[in-house]
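Undergrad: Before we start, here is the structure in question, set down as structure tokens.
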Amino acid sequence: MCLAAPSRVIEVHDGMALTECFGQTREVSLLLLDEEVAVGDYLLIQAGGFAFERIEPERAQEALALMAELMDQGADARRWGETT
Numbered sequence: 029m030c031l032a033a034p035s036r037v038i039e040v041h042d043g044m045a046l047t048e049c050f051g052q053t054r055e056v057s058l059l060l061l062d063e064e065v066a067v068g069d070y071l072l073i074q075a076g077g078f079a080f081e082r083i084e085p086e087r088a089q090e091a092l093a094l095m096a097e098l099m100d101q102g103a104d105a106r107r108w109g110e111t112t
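Sequential numbering from 29 applies to the sequence shown in this note's numbering.
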């Protein structure tokens, strides 16, 4: 199973975009998208580095908040020696 975290576009150039998600930057291909991408947009990216969908900022922020909450819960469980 693959889970795509929304990544925010910080640069666009020559069919590629530099994106950021949870402090990590990554250059991805825009080849699979049939719509324009601009700085500030949010993209879903396949494991191979291809953006496959542009999503609304509100939906991206909701997903990122939920993912951050789940990561925090996992970190808390590891700190206290619990299994998840």
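The C-beta atom is built at its ideal place from N, Cα and C for all residues, glycine as well. Keep in mind the model is a prediction, meaning the values are calculated, not measured.
(1) Please specify which runs of the alpha helix (DSSP H), each continuous and at least 4 residues long, are wholly inside the region 43-96, giving them in chain order.
(2) Helix, strand or coil, according to DSSP, for M29 in the structure here?
(3) Determine the direct distance from the alpha carbon of L59 to that of M44, and round the result to whole angstroms.
(4) To which residues of the same chain is M29 closer than 7 angstroms at the C-beta, ignoring the five residues directly before and after it?
(5) According to the neighbour-count rule (16 or more other Cβ atoms, all chains shown, within 10 Å of its Cβ), is P34 buried or exposed?
TA: Per the coordinate set shown:
(1) With a minimum length of 4 residues, no continuous alpha helix (DSSP H) run stays inside the region 43-96.
(2) Taking the first residue of the sequence shown as 1, we reach residue 29 at position 1. Low local confidence applies: a pLDDT of 47 at M29 is under 50, so the model's placement there is unreliable, with the coordinate-based value given in what follows. Note: M29 maps to coil in three-state DSSP.
(3) Position 16 of the sequence shown, counting from 1, holds the residue named residue 44. Position 31 of the sequence shown, counting from 1, holds the residue named residue 59. About 8 angstroms.
(4) Numbered from 1 along the sequence shown, position 1 holds the residue referred to as residue 29. With a pLDDT of 47 at M29, under the threshold of 50, the modelled position of that residue is not reliable, and the figure given next carries that caveat. Same-chain partners within the cutoff: there are none.
(5) The residue given as residue 34 occupies position 6 in the sequence shown. Buried, since its Cβ has 16 or more Cβ neighbours within 10 Å.
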